[in-house]
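Residue numbers (the UniProt record's numbering), protein chains in the order written: chain A, 1 to 215; chain B, 1 to 215. One structure below.
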């Protein structure tokens, strides 16, 4: 109980979030009980409700933080350059690196939208739309500048995002390919898919993407 | 009770499978109870166990039938032509049409693998591998014939499958684009992604894909 105040409280809250992501990824949100989660963290169920008054508050917090993290990561990775190829490459590298490091949270964010209330679902979808719009803007700028050849900007953005997020389904560190190699390959496929006139080819993935191989 | 024998029995079994796909897609497999499923179908829980002795038997049946259906659909759609561009186009059209018509079953098949026993998981993964191998073979044949430009056949196959299956997440019939338009756009993105020298461009989707618009 002493752990629920001050920085110990923050630690408990972080432990709850981490355990929840892992339990929901394993059992699904509807099947997970707050009692089970409390046992996993080693606190009383009543303690959980101080941080998350309802189970849905917990789910919403996990999803909101996932999307905030993604938007912040992109804010930090976004290049100063106006060149669409450079911007698209940065978007791809950031997207793959962010999701590979958060396999379970990505899984929860994609699968459990059905369990959010309408109002909260709207909030999460608004953040997703903002993130996807960044990609659509890059694609449109590239098409307008004649750097890309794109039929439908919205469809291309969805196709690229699904293709990239799909990496978490099959990629396992330490197998045939390193994350840097996978990222380079996805960069090259992306540039071909958008008909980039300047092929990014075997682009060097960012240091951050390389670091994540150690996961 | 009379409904559990002969062709009525088959009807009940089909009703159970259909209700199960929809309940699992909504609640998740772990959260769904056999009692709940029986109530949904309008039979006694004991009747369910005649068709599916355990809840996992039911899940396995749903997943196996989904994969068998996909393999059979591809067997029927596979063109006689040896041309890699024609074969790849047929694979894309069949994949998108099949999954759009089975949104919930696809969802269940992708999300609930975690709940299968090791032996049954192996069986399902073997079927998936067989299906993916069909695509890898087309890609490799195309690369060898100089029709495609591909860095990594395995990675390209995964990227394409994730990109195509992703359509079920956002596509809704009756919105901005028809299924035929979406399929044409995905065909064109696919051909660019694999660096096809003969661009399939705005390929005419098959009649089947067109029909599915009425879903």
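We put the CB at the ideal spot given by N, CA and C, even for glycine.
DSSP state of residue i mapped onto helix, strand, coil
{"i": "residue 117(B)", "result": "coil"}
{"i": "residue 54(A)", "result": "coil"}
{"i": "residue 33(B)", "result": "coil"}
{"i": "residue 177(B)", "result": "coil"}
{"i": "residue 123(B)", "result": "helix"}
{"i": "residue 150(B)", "result": "coil"}
{"i": "residue 197(A)", "result": "coil"}
{"i": "residue 60(B)", "result": "helix"}
{"i": "residue 162(B)", "result": "helix"}
{"i": "residue 84(B)", "result": "helix"}
{"i": "residue 43(B)", "result": "coil"}
{"i": "residue 171(B)", "result": "coil"}
{"i": "residue 77(B)", "result": "helix"}
{"i": "residue 19(B)", "result": "helix"}
{"i": "residue 9(A)", "result": "helix"}
{"i": "residue 132(B)", "result": "helix"}
{"i": "residue 295(B)", "result": "Because chain B in this structure spans residues 1 to 215, residue 295(B) falls outside the shown range and cannot be described."}
{"i": "residue 28(A)", "result": "coil"}
{"i": "residue 145(B)", "result": "coil"}
{"i": "residue 65(A)", "result": "helix"}
{"i": "residue 93(A)", "result": "helix"}
Residue i classed as buried or exposed, judged by whether at least 16 other C-beta atoms fall within 10 angstroms
{"i": "residue 114(B)", "result": "exposed"}
{"i": "residue 84(B)", "result": "buried"}
{"i": "residue 57(B)", "result": "exposed"}
{"i": "residue 109(B)", "result": "buried"}
{"i": "residue 93(A)", "result": "buried"}
{"i": "residue 118(B)", "result": "exposed"}
{"i": "residue 192(A)", "result": "buried"}
{"i": "residue 166(B)", "result": "buried"}
{"i": "residue 37(A)", "result": "buried"}
{"i": "residue 10(A)", "result": "exposed"}
{"i": "residue 145(A)", "result": "exposed"}
{"i": "residue 87(B)", "result": "buried"}
{"i": "residue 54(B)", "result": "exposed"}
{"i": "residue 250(A)", "result": "The structure shown has nothing for residue 250(A), since chain A only spans 1 to 215."}
{"i": "residue 48(B)", "result": "buried"}
{"i": "residue 12(B)", "result": "buried"}
{"i": "residue 174(A)", "result": "exposed"}
{"i": "residue 187(A)", "result": "buried"}
{"i": "residue 46(A)", "result": "exposed"}
{"i": "residue 125(A)", "result": "exposed"}
C-beta neighbour in chain B for residue i, strict 7 angstroms
{"i": "residue 74(A)", "result": "no"}
{"i": "residue 37(A)", "result": "no"}
{"i": "residue 31(A)", "result": "yes"}
{"i": "residue 120(A)", "result": "no"}
{"i": "residue 195(A)", "result": "yes"}
{"i": "residue 109(A)", "result": "no"}
{"i": "residue 27(A)", "result": "yes"}
{"i": "residue 174(A)", "result": "no"}
{"i": "residue 57(A)", "result": "no"}
{"i": "residue 163(A)", "result": "yes"}
{"i": "residue 69(A)", "result": "no"}
{"i": "residue 166(A)", "result": "yes"}
{"i": "residue 8(A)", "result": "no"}
{"i": "residue 151(A)", "result": "yes"}
Close-in-space but distant-in-sequence residues of the same chain around residue i (CB under 8 angstroms, 5 per side omitted)
{"i": "residue 71(B)", "result": "127, 130 and 131"}
{"i": "residue 7(B)", "result": "none"}
{"i": "residue 168(A)", "result": "99, 100, 103, 106 and 107"}
{"i": "residue 195(B)", "result": "148, 149 and 150"}
{"i": "residue 66(B)", "result": "102, 105, 106, 108 and 109"}
CB contact below 7 angstroms: residue i versus chain A
{"i": "residue 157(B)", "result": "no"}
{"i": "residue 185(B)", "result": "yes"}
{"i": "residue 141(B)", "result": "no"}
{"i": "residue 189(B)", "result": "yes"}
{"i": "residue 42(B)", "result": "no"}
{"i": "residue 192(B)", "result": "yes"}
Beta-carbon contacts of residue i that lie in its chain and below 7 angstroms, excluding the five residues immediately before and after
{"i": "residue 60(B)", "result": "116 and 120"}
{"i": "residue 73(B)", "result": "94 and 98"}
{"i": "residue 19(A)", "result": "37, 40 and 41"}
{"i": "residue 136(A)", "result": "153, 154 and 157"}
Contacting residues, own chain, Cβ-Cβ under 6 angstroms from residue i (five flanking each side not counted)
{"i": "residue 15(A)", "result": "41"}
{"i": "residue 22(B)", "result": "104"}
{"i": "residue 52(B)", "result": "58"}
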